[in-house]
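Undergrad: Structure in structure tokens, see below.
Numbering (our numbering), first residue to last: 239 to 671.
Rendered as structure tokens:
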């Protein structure tokens, strides 16, 4: 079988295949180039992972190079970033490479191209991606940071091992713990709830730092009509089990007669969409299924929303919300929020000040929260202002990235290279023999 190649897409005017780096205001060339980090995500990049691009863009003291296996055809624009592609352009070969033990042995000249970046760190987003890229990470012999986002740590072990997450990921639970034993590896949890879960599955607490993704409070700002003149209840997310959208439809059906001007707007697509449409029709709910929207269009929808709801639940396979970036975006835009998301309810909002938190699947509590915010202009305005203040003071992405760079500094300075570190056995990789 062919081995993966490393190649760069060359934009006009580029001699080395790199893409021009986005410069933050006040960021000098010397600051950007002083220390380099490789930021890895296999597929570059779905719109749902905009936060990865924004983290790299916001780096000040470190220069981020985004590394992946392939560019998604309808993915995020990455023109402002340095991008390196490691893998096959052909989708079939890409899948075969992931299932092959050959992934463990990049040809020397290909590996040399990554080493030529002279990076000090490798930062991998999602535990699943760390598992798949681990053989190459070991060859690079860099200190490694792995960010855990949600499904990659919450999903039950049995689900992975049954192959329902894909043949190549059957060994992921064992493999992740093997990776955690390596002295060069440290983890970042995007919420305290995720750190708690990571400890439960066996990752030592001392190897996990908590750092929120944050929200760009200069981009997500209050706007549009005053809250008192708005009538939309907004949901944004993939239409999958863990998002709990059915409970929002049920709750809205119980308040719409009291608030005949209100309507429900559901942004996003997913496998549950037909079922949710049928439920809304059965209950007679006034709802717009808006489909997938760009980040800019989501901003516009937030400026028309009276309330934002994220009624997340724990899915049947254990998957659960990590924090819910869209919760932060809504509050930054001055919109009151209602949520049952694990991390969001505990860390993403301030119950009674920026919105309401409730237990999973509690339709009555969700109904009462909707009624309170739809029926009380002063309360909605107070929660909206409180949410904006909370985001600016505690969740601005620039502050979160500054803390991330401190983690980079610490991990880069404490790791000592080892000649022979623990290697995953073939069955732990879940690869084909």
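Just so it is clear, CB atoms sit at the ideal spot from N, CA and C, and this is done for glycine as well.
Using DSSP with H/G/I as helix, E/B as strand and the rest coil, what is residue 274?
TA: Residue 274: strand per DSSP, three-state reduction.
Undergrad: Rounded to the nearest angstrom, what separates residue 362 and residue 500 at their Cα positions?
TA: Going by the C-alpha atoms only, they are around 43 Å apart.
Undergrad: Using the rule of at least 16 other Cβ atoms within 10 Å of the residue's Cβ for burial, across every protein chain shown, is residue 317 buried or exposed?
TA: So residue 317 ends up on the exposed side.
Undergrad: CB residue 578 to CB residue 550, shorter than 8 Å?
TA: Yes.
Undergrad: Can you tell me the Cα-Cα spacing of residue 552 and residue 354, whole angstroms?
TA: Going by the C-alpha atoms only, they are around 43 Å apart.
Undergrad: For residue 405, does the three-state DSSP call read helix, strand or coil?
TA: Correct three-state label for residue 405: helix.
Undergrad: Does residue 366 pass the burial test, meaning 16 or more other C-beta atoms within 10 Å, or should it be called exposed?
TA: So residue 366 ends up on the buried side.
Undergrad: Could you spell out the range, first to last residue, of the alpha helix (DSSP H) harbouring residue 648?
TA: Unbroken alpha helix (DSSP H) run through residue 648: 635-652.
Undergrad: In terms of residue numbering, what span does the alpha helix (DSSP H) encompassing residue 619 cover?
TA: Its alpha helix (DSSP H) spans residues 615-632.
Undergrad: Does the region 401-409 come close enough to the region 427-446 to have 3 or more Cβ pairs within less than 8 Å?
TA: Verdict: no, contact absent.
Undergrad: Short of 6 Å in beta carbon distance, which residues of its chain neighbour residue 567, apart from the five on each side in sequence? Order them along the chain.
TA: Closer than 6 Å at Cβ, skipping near neighbours: 453, 458.
Undergrad: Whose CA, out of 290, 299, 297, 298, lies closest to the CA of residue 306?
TA: For the residues 290, 299, 297, 298, the minimum Cα distance to residue 306 belongs to 290.
Undergrad: Locate the alpha helix (DSSP H) running through residue 413, then write down its first and last residues.
TA: Its alpha helix (DSSP H) spans residues 410-418.
Undergrad: Do you know whose CA, among 483, 424, 563, lies nearest residue 359's CA?
TA: For the residues 483, 424, 563, the minimum Cα distance to residue 359 belongs to 424.
Undergrad: Under 8 Å, do residue 207 and residue 475 count as touching if we go by C-beta distance?
TA: A query on residue 207 cannot be resolved here, the shown segment of the chain reaching from 239 to 671 and no further.
Undergrad: Do the region 422-437 and the region 462-478 touch if we need at least three Cβ pairs shorter than 8 Å?
TA: No, the region 422-437 is not in contact with the region 462-478.
Undergrad: In whole angstroms, what is the alpha-carbon distance linking residue 618 and residue 356?
TA: C-alpha separation (whole angstroms): 51 Å.
Undergrad: Which residue or residues does DSSP assign as beta-bridge partners of residue 453?
TA: For residue 453, which the question treats as bridged, DSSP gives the partners 634.
Undergrad: Name the residue from 523, 545, 487, 525 whose alpha carbon lies nearest to the alpha carbon of residue 621.
TA: Ranking the options by Cα distance to residue 621, first place goes to 545.
Undergrad: Quick check on DSSP: helix, strand or coil for residue 473?
TA: Reduced to three states, the DSSP call for residue 473 is strand.
Undergrad: Report the partner residues of residue 322 according to the DSSP bridge assignment.
TA: Bridge partners of residue 322: 305.
Undergrad: List the whole-angstrom C-beta distance separating residue 510 from residue 605, where the pair is believed to meet the contact cut-off of C-beta under 8 Å.
TA: With a Cβ gap of about 21 Å, residue 510 and residue 605 do not count as contacting.
Undergrad: Taking 8 Å as the CB-CB cut-off, is residue 273 touching chain B?
TA: The chain labelled as chain B is not found in the depicted structure, where only one protein chain is given.
Undergrad: Please classify residue 264: is it buried, with 16 or more other beta-carbons within 10 angstroms of its beta-carbon, or exposed?
TA: Confidence in residue 264 is poor, its pLDDT being 41 and thus under 50, which makes the residue's placement unreliable; the coordinate value appears in the next sentence. So residue 264 ends up on the exposed side.
Undergrad: Check whether the Cβ atoms of residue 483 and residue 504 sit closer than 8 Å, and answer yes or no.
TA: The answer is yes: Cβ separation under 8 Å.
Undergrad: Could you tell me which residues DSSP pairs with residue 447 in its beta bridges?
TA: 426.
Undergrad: Would you mind working out which of 573, 302, 586, 433 sits nearest residue 471, comparing C-alpha positions?
TA: Out of 573, 302, 586, 433, 573 has the C-alpha closest to the C-alpha of residue 471.
Undergrad: Which residue marks the beginning of the alpha helix (DSSP H) containing residue 392, and which one marks its end?
TA: 389-392 is the extent of the alpha helix (DSSP H) around residue 392.
Undergrad: For the beta strand (DSSP E) that residue 503 lies in, which residues bound it at each end?
TA: That run of the beta strand (DSSP E) goes 501-505.
Undergrad: Per DSSP, what kind of secondary structure is residue 266 in: helix, strand or coil?
TA: Note that residue 266 scores a pLDDT of 49, beneath 50, so its modelled location is shaky and nothing firm can be said.
Undergrad: What residue range does the beta strand (DSSP E) around residue 526 cover?
TA: Segment 525-529, the beta strand (DSSP E) holding residue 526.
Undergrad: Nearest to residue 514 by CA position, among 609, 651, 301, 490, is which residue?
TA: Nearest of 609, 651, 301, 490 to residue 514, Cα basis: 490.
Undergrad: Taking just the CA atoms, how far does residue 448 sit from residue 392?
TA: C-alpha separation (whole angstroms): 16 Å.
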